[in-house]
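Heads up, the thing below is written out as structure tokens.
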Amino acid sequence: MKVAVVGGGPAGLYLSLLLKKADPDHEVVVFERNPPGATYGWGVVFSDRTLTSFREADPKTYTQITDDFIIWDAIDVRYRDEVIRCGGQVFSGISRKALLSILTERCEELGVGLEFEHEIVGLTALSDFDLVVGADGIRSSVRAAHEDAFRPRFDDGSSRYIWLGTRHLFDSFTFVFRSNEDGFFQAHAYPFDGSFSTFIVECDEASWRRAGLHEADEATSIAYCQELFSSDLGGHRLESNNSKWINFITLKNRKWHHENVVLLGDAAHTAHFSIGSGTKLAMEDSIALVDSLETHRDIGAALDDYQLERKPRVERFQEAARQSQTYFENTSRYVHMEPMQFAFHLLSRSGRIDYDDLRMRDPHFVGSVDRWFLRQASDERLTPAFAAPPAFAPIHIRALPVSNRVAVNVDPSYSAVEGVPVQGELEVAARTGAGLVFTDVIAVSERARITPGCPGLYNDEQREVWRGALGRARAVSTASFIATLSHSGPRGATRPRTLGADLPLRHGQWGLVAASPLPYTRRSAVPEEMGRAHMTEVLEDFDAAARRASAAGFDGLELNLAHGYLLSTFLSPLTNHRSDDYGGGLESRLRFPIEVFEAVRAAAGRMPVGIRLGASDWARGGIDLEDAVDVARRFEERGCAFVRAAAGQTVPGFTPRYDPYFLTHYADRLRNEVGLPTIATGDIATIDHVNTIVAGGRADLCLLRV
Numbered sequence: 002m003k004v005a006v007v008g009g010g011p012a013g014l015y016l017s018l019l020l021k022k023a024d025p026d027h028e029v030v031v032f033e034r035n036p037p038g039a040t041y042g043w044g045v046v047f048s049d050r051t052l053t054s055f056r057e058a059d060p061k062t063y064t065q066i067t068d069d070f071i072i073w074d075a076i077d078v079r080y081r082d083e084v085i086r087c088g089g090q091v092f093s094g095i096s097r098k099a100l101l102s103i104l105t106e107r108c109e110e111l112g113v114g115l116e117f118e119h120e121i122v123g124l125t126a127l128s129d130f131d132l133v134v135g136a137d138g139i140r141s142s143v144r145a146a147h148e149d150a151f152r153p154r155f156d157d158g159s160s161r162y163i164w165l166g167t168r169h170l171f172d173s174f175t176f177v178f179r180s181n182e183d184g185f186f187q188a189h190a191y192p193f194d195g196s197f198s199t200f201i202v203e204c205d206e207a208s209w210r211r212a213g214l215h216e217a218d219e220a221t222s223i224a225y226c227q228e229l230f231s232s233d234l235g236g237h238r239l240e241s242n243n244s245k246w247i248n249f250i251t252l253k254n255r256k257w258h259h260e261n262v263v264l265l266g267d268a269a270h271t272a273h274f275s276i277g278s279g280t281k282l283a284m285e286d287s288i289a290l291v292d293s294l295e296t297h298r299d300i301g302a303a304l305d306d307y308q309l310e311r312k313p314r315v316e317r318f319q320e321a322a323r324q325s326q327t328y329f330e331n332t333s334r335y336v337h338m339e340p341m342q343f344a345f346h347l348l349s350r351s352g353r354i355d356y357d358d359l360r361m362r363d364p365h366f367v368g369s370v371d372r373w374f375l376r377q378a379s380d381e382r383l384t385p386a387f388a389a390p391p392a393f394a395p396i397h398i399r400a401l402p403v404s405n406r407v408a409v410n411v412d413p414s415y416s417a418v419e420g421v422p423v424q425g426e427l428e429v430a431a432r433t434g435a436g437l438v439f440t441d442v443i444a445v446s447e448r449a450r451i452t453p454g455c456p457g458l459y460n461d462e463q464r465e466v467w468r469g470a471l472g473r474a475r476a477v478s479t480a481s482f483i484a485t486l487s488h489s490g491p492r493g494a495t496r497p498r499t500l501g502a503d504l505p506l507r508h509g510q511w512g513l514v515a516a517s518p519l520p521y522t523r524r525s526a527v528p529e530e531m532g533r534a535h536m537t538e539v540l541e542d543f544d545a546a547a548r549r550a551s552a553a554g555f556d557g558l559e560l561n562l563a564h565g566y567l568l569s570t571f572l573s574p575l576t577n578h579r580s581d582d583y584g585g586g587l588e589s590r591l592r593f594p595i596e597v598f599e600a601v602r603a604a605a606g607r608m609p610v611g612i613r614l615g616a617s618d619w620a621r622g623g624i625d626l627e628d629a630v631d632v633a634r635r636f637e638e639r640g641c642a643f644v645r646a647a648a649g650q651t652v653p654g655f656t657p658r659y660d661p662y663f664l665t666h667y668a669d670r671l672r673n674e675v676g677l678p679t680i681a682t683g684d685i686a687t688i689d690h691v692n693t694i695v696a697g698g699r700a701d702l703c704l705l706r707v
């Protein structure tokens with residue numbers, strides 16, 4: 002096979018030597034526009050897992066690379082003049098120049114053709130090759146020749162960074178955070194040989210501009226960074242290698258191959274430098290492509306196999322990198338955190354490393370986190386010698402004591418009769434050991450039910466049944482109990498969800514109301530647009546339900562502003578098309594939900610009242626997280642005690658995004674920007690998840706799936 006490889010970086014060189022090693026009869030030619038040894042950037046980082054695949058692919062280069070490695074097993078976080086170290090993080094570094102030299106020598110040894118200072122413009126010159134490989138980076142000319150087929154998408158990051166080096170040798174992967182009158186800056190530093198360390202400086206756009214770095218030349222930029230991080234450089238200077246301030250660009254391609262052309266490395270994908278995966282992913286692409294070509298005689302089948310094998314794996318890394326990038330673009334959000342929590346949050350930022358992982362790697366570090374967390378949670382002045390994990394630390398929601406950080410929700414059974422709740426459901430939830438138990442949504446009136454089998458709090462009989470249920474639950478648990486008050490709005494008068502979602506009742510329907518006369522689904526009944534009389538009636542219903550909840554003995558209340566039910570129809574522009582004082586901009590759309598909250602708050606007495614907030618509609622033109630932060634602030638100003646972050650279901654055609662702990666980042670934003678205690682939701686299935694979220698300050702409690 003005759004193969005043209007465009008690009009002489011690690012991906013292209015490694016692919017070429019592996020192809021030639023697999024079959025010496027292959028004719029492999031590398032075309033590189035730069036002279037031999039020319040490179041930009043400083044060091045390259047690898048993990049243990051990566052090294053295993055390199056050893057199996059080519060033992061000789063593996064040995065040469067590892068002989069040149071500098072190895073460390075710790076991550077340091079320097080914040081507020083404290084250094085927090087977490088061990089067990091084994092990584093290896095090598096200079097990019099040394100890596101390229103090793104790969105180039107191996108290519109020459111195996112007979113790979115190396116055409117340096119040879120730029121390929123268009124692919125017509127390569128028409129006699131059986132396979133053309135685009136390994137020419139993010140600005141790939143190979144990809145550009147078939148852009149309509151590859152369909153690349155470029156996403157610019159919001160922060161600015163500059164890639165520098167220093168002769169100061171760090172002994173760990175070090176994250177440094179410094180602030181001055183211009184803003185908040187961070188450095189990512191790591192050693193890569195016995196003489197140099199990489200030193201990447203990153204900051205948000207506003208800090209970059211306030212510092213005048215948008216107008217600065219290279220020397221001025223280096224001088225600024227050197228002064229800012231002088232205490233971290235051990236008297237050494239920062240050095241440049243054609244370094245410029247840039248935004249990180251994330252690249253994804255719909256397809257990785259077209260006809261006899263295939264992409265790998267940065268031509269196919271990029272992942273944020275904060276998880277150190279760029280060169281690793283590129284060289285693993287090379288291994289996978291060679292394996293596919295060896296397995297399939299047909300080139301088309303081989304390229305299909307390569308894409309099927311690599312694309313999903315890379316996309317998982319890109320998702321972790323996206324979360325890590327988002328963290329570093331918003332570190333100023335967390336400056337209020339104490340150093341221990343700040344460090345834990347950083348280490349668990351990408352979703353790939355959690356509390357249990359860190360405990361296995363460095364039990365001393367996690368023990369320090371546990372002790373710090375318990376001291377903060379219990380207001381103890383002395384540091385305990387031993388502390389349970391954060392999931393088991395107490396918390397107060399206003400004056401309400403909660404024994405641990407686990408919350409559970411009573412699952413809906415749709416078995417209530419005329420709003421009277423089913424006996425035993427609250428007790429079952431209480432036996433889980435959770436510190437906080439939420440009821441199923443409780444209808445504030447007969448017309449507020451989702452189905453005929455939903456529980457209510459709209460008459461005294463229901464109140465007394467709830468009182469008895471709470472008494473039995475308290476006999477088996479120390480949990481606190483929260484009643485979730487709700488009105489179904491346009492999603493009412495439906496059959497039980499066990500028969501299908503949002504199926505209208507065949508018989509016995511009742512009239513529906515909403516912010517605007519928009520049916521929830523095409524088969525749903527059209528709700529009546531609420532007028533002032535309707536609003537007054539609903540306000541009275543919520544007021545009465547809150548008073549009954551207090552009399553029944555609940556410890557707190559939650560107001561449901563999510564999932565397309567009545568109050569969320571006012572919040573979202575997708576469901577609120579009103580032209581009066583209750584429609585239009587966000588402030589007007591908030592008017593009625595705030596009226597309801599204030600009525601419930603007044604009726605609740607000393608009980609804390611929180612909200613379940615739809616933090617995103619997951620639909621174009623709907624509520625997004627920026628809106629949700631604004632909404633949460635308005636409720637916090639009016640005495641809201643907590644917020645449970647939810648998303649979607651405002652309209653049926655929503656598009657969810659399932660990340661690790663997929664709703665936790667909503668709770669994170671609300672907690673750390675608004676300052677409200679938050680409850681994270683979203684398929685949180687283990688105590689490990691709870692520990693990770695709570696210890697990192699992403700939420701105060703977690704709704705556990707049980």
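Residue numbering for the sequence shown is 2 to 707, as defined by my numbering. Heads up, the beta-carbon is just placed ideally off N, CA and C, and yes, glycines get one too. Note that the structure is a prediction, hence the values are computed from the model and not measured.
Cα-Cα separation between residue i and residue j, rounded to whole angstroms
i      : j      : result
Leu214 : Ser231 : 18 angstroms
Glu206 : Trp164 : 16 angstroms
Ser333 : Gly698 : 14 angstroms
Ser54  : Leu290 : 13 angstroms
Glu116 : Phe32  : 5 angstroms
Ala605 : Glu541 : 13 angstroms
Trp467 : Val409 : 18 angstroms
Leu427 : Arg613 : 19 angstroms
Other residues of its chain near residue i: CB distance less than 8 angstroms, five sequence neighbours each side excluded
i      : result
Gly622 : Pro574 and Leu575
Leu504 : Thr495, Arg496 and Arg524
Contacting residues, own chain, Cβ-Cβ under 7 angstroms from residue i (five flanking each side not counted)
i      : result
Ala58  : Leu19 and Ile288
Arg168 : Ser196, Phe197 and His237
Ser222 : Ile163, Leu214 and Trp246
Continuous beta strand (DSSP E) stretch holding residue i: start and end
i      : result
Ile76  : Ile71 to Tyr80
Glu118 : Neither: Glu118 is in no beta strand (DSSP E) and is coded neither H nor E.
Leu132 : Leu132 to Gly135
Thr440 : Leu437 to Ala444
Arg645 : Val644 to Ala647
His397 : Ile396 to Ile398
Beta-carbon spacing of residue i, residue j below 8 angstroms
i      : j      : result
Ile250 : Asp137 : no
Thr62  : Leu16  : no
Val527 : Pro520 : yes
Leu664 : Ala435 : no
Ala23  : Glu295 : yes
Gly88  : Arg362 : yes
Asn692 : Tyr335 : no
Lys281 : Phe47  : yes
Asp439 : Val411 : Note on identity: in this sequence residue 439 is Phe, with Asp being the wrong assignment. Closer than 8 angstroms, so yes.
Ala616 : Ala646 : yes
Asp357 : Asp689 : yes
Reduced DSSP category for residue i - H, G, I as helix; E, B as strand; rest coil
i      : result
Val514 : strand
Glu711 : Nothing can be reported for residue 711: it is not among the residues displayed for the chain, which extend from 2 to 707.
Asn181 : strand
Phe482 : strand
Asp684 : strand
Asn577 : coil
Tyr15  : helix
Thr175 : strand
Ala224 : helix
Pro60  : helix
Beta-carbon contacts of residue i that lie in its chain and below 6 angstroms, excluding the five residues immediately before and after
i      : result
Ala283 : Pro11, Ala12 and Gly266
Arg353 : Ala321
Asp669 : Arg699
Ala546 : Val445, Leu458 and Leu486
Ser160 : Glu203, Asp205 and Glu330
Enclosing alpha helix (DSSP H) for residue i [first to last residue]
i      : result
Ser102 : Arg97 to Leu111
Ala545 : Arg533 to Ala553
Arg154 : Per DSSP, Arg154 belongs to no alpha helix (DSSP H); it is in the beta strand (DSSP E), Pro153 to Asp157.
Thr167 : Element bounds for Thr167: not the alpha helix (DSSP H) but the beta strand (DSSP E), Ser160 to Thr167.
Arg523 : Arg523 -> no alpha helix (DSSP H), and no H or E assigned at all.
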